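Below: one structure, written as structure tokens.
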Amino acid sequence: MTPSDTVLEYSRLMKRLVDEAKQPGFTADSWAPLAELIDTQNFVRVGNFKEVMDWDTYVAFLTNWAASSEWESEFKRVTEAGNAVFLELEEHSRIGEFSNSVNSVSVYEFDERGKITRIDVYLQMALPDPDMLASYEGVEI
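With the first letter of the sequence shown counted as 1, position 65 gets the number 81 in our numbering; the numbers rise by one all the way through.
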């Protein structure tokens with residue numbers, strides 16, 4: 017699988033798992049299919065608000081977020097350069113009554129084994145509703 021294929025698979029898995037997170041019994045362990053694409057020991061994600069998460073922190077965040085969120089994305093473009101893949105999406109999410117649409121670019125870095133080691137997320141969006149930020153409580157920024 018090429019790095020671009022891995023990133024597209026990551027996106028497909030993310031959609032499937034976010035949808036499944038509303039079902040009883042969904043836990044942090046349910047992210048295992050995604051973890052297969054990741055170097056979980058060396059993984060770093062820098063998010064929308066420059067928050068830095070390792071794999072365990074990211075999984076805890078995803079589990080909390082996905083349980084209460086609807087999310088989908090429209091593919092725009094994927095570009096591969098060296099050990100990096102740039103994925104451009106239009107993302108749509110709903111948390112309770114709050115809905116949002118953003119343009120995102122995520123930069124995925126890979127190790128020599130083809131595992132994702134880092135994701136940096138960049139967004140274009142309107143100012144968020146303060147209620148949306150509640151899911152970030154406890155995340156160090």
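Glycine included, every Cβ here is placed at the ideal spot set by N, Cα and C. This structure is a prediction, so every number in the text was calculated from the model and none was measured.
Secondary structure of residue i, DSSP reduced to three states
| i | result |
| --- | --- |
| GLY36 | The amino acid occupying residue 36 in the given sequence is Glu; Gly does not appear at that position. Reduced to three states, the DSSP call for GLU36 is helix. |
| VAL75 | helix |
| GLU153 | coil |
| LYS31 | helix |
| LEU53 | coil |
| ASP147 | helix |
| ALA142 | coil |
| SER84 | coil |
| GLU125 | strand |
| ASP21 | helix |
| ASP70 | coil |
Residue i versus residue j - alpha carbon distance
| i | j | result |
| --- | --- | --- |
| LYS92 | ARG110 | 20 Å |
| ASP55 | PHE126 | 9 Å |
| PHE102 | LEU29 | 17 Å |
Cβ-Cβ distance between residue i and residue j below 7 Å
| i | j | result |
| --- | --- | --- |
| TYR124 | ILE132 | yes |
| ASP67 | VAL155 | One detail in the question is off: residue 67 reads as Glu in this sequence, not Asp. In this structure, VAL155 lies closer than 7 Å to GLU67 by Cβ. |
| LEU50 | THR22 | no |
| THR79 | ALA48 | no |
Spatial neighbours of residue i in its chain, beta-carbon cut-off 6 Å, leaving aside the 5 residues before and after
| i | result |
| --- | --- |
| TYR74 | ARG61 |
| GLU104 | LYS92, ARG93 and VAL121 |
| GLU128 | none |
Distance cut-off 6 Å: residue i Cβ against heavy atoms of the ligand GTP
| i | result |
| --- | --- |
| ALA82 | With respect to the ligand GTP, the structure shown offers nothing to examine, as it has no ligands at all. |
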